[in-house]
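Numbering (the working numbering), first residue to last: 5 to 185.
Below is one structure, written out as structure tokens; comments come after it.
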Amino acid sequence: MLSEYLEKKGFLIADFLTALRGVIALCLAFILWEGKTIFDLFMVLIFAAWLSDCLDGYFARKSIRPGNLAEADGWIDWAVFIITLAYGTVLGHYSWTFFGLFVGTNILSYWLSKAFYVNQVFHFLYILLGFRTVWLESVFWRKFFILWVAGVIFFKRQRLKVQIREFLDGWESLINSRPKN
Numbered sequence: 005m006l007s008e009y010l011e012k013k014g015f016l017i018a019d020f021l022t023a024l025r026g027v028i029a030l031c032l033a034f035i036l037w038e039g040k041t042i043f044d045l046f047m048v049l050i051f052a053a054w055l056s057d058c059l060d061g062y063f064a065r066k067s068i069r070p071g072n073l074a075e076a077d078g079w080i081d082w083a084v085f086i087i088t089l090a091y092g093t094v095l096g097h098y099s100w101t102f103f104g105l106f107v108g109t110n111i112l113s114y115w116l117s118k119a120f121y122v123n124q125v126f127h128f129l130y131i132l133l134g135f136r137t138v139w140l141e142s143v144f145w146r147k148f149f150i151l152w153v154a155g156v157i158f159f160k161r162q163r164l165k166v167q168i169r170e171f172l173d174g175w176e177s178l179i180n181s182r183p184k185n
């Protein structure tokens with residue numbers, strides 16, 4: 005019964021979670037300029053965004069059709085990653101030159117390749133840079149992050165195989181400068 009419901013209506017839940025992540029991204033963009041004073045709030049919102057990302061993908065794959073916001077999902081993820089890197093920059097862990105070059109390289113690589121898989125490569129790099137910020141800022145959030153990653157690997161191990169393939173395809177597309185759609 006539940007599986008039938010998810011098959012027919014799972015896309016609505018996925019769309020809601022994608023929209024929620026978009027709102028979280030706007031909140032993150034608004035508060036990032038407050039610096040270290042809002043670190044815990046920023047981290048709670050980041051993990052809420054990541055949780056909504058994990059769950060929206062689950063519900064989308066259970067549904068028989070994509071939701072109305074399915075195409076926006078990756079772009080909202082990208083916005084969250086850029087905002088996270090900007091926050092690390094505000095905290096002084098990266099220079100604004102590095103930020104501009106990194107994001108600019110991401111945009112240029114995507115534009116030249118026309119392959120969304122190229123963004124998968126950069127998504128992974130954004131996550132590593134975000135983790136570095138967490139590692140430098142807070143022992144508590146560092147431990148939380150490690151537990152989160154372990155949980156994601158465990159619960160998403162089948163999907164992770166697909167994402168690793170997409171990551172590798174992204175590198176191939178980036179190196180060969182040809183679309184991999």
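Don't be surprised by glycine CBs; every beta carbon is placed ideally from N, CA and C.
- Here the alpha carbons of E38 and S113 stand approximately 31 Å from one another.
- Assignment of H127 by DSSP, reduced to helix, strand and coil, places it in the helix class.
- For F158 and K165, the gap between their C-alpha atoms comes out near 12 Å.
- For G155 and S177, the gap between their C-alpha atoms comes out near 30 Å.
- Looking at the backbone, the Cα of I86 and that of L59 are separated by about 21 Å.
- In the DSSP annotation of this structure, M5 is not part of any alpha helix (DSSP H), being labelled neither H nor E.
- Excluding five sequence positions before and after A52, the CB atoms of its chain that fall closer than 7 Å to its own CB belong to I28, given in chain order.
- By the Cβ neighbour-count rule, S7 is exposed, with fewer than 16 other Cβ atoms within 10 Å of its own.
- A Cβ-Cβ distance of about 5 Å is found for the pair L24 and S56, placing them in contact under the 8 Å criterion.
- With a cutoff of 8 Å on beta-carbon distance, M47 and W145 are scored as near each other.
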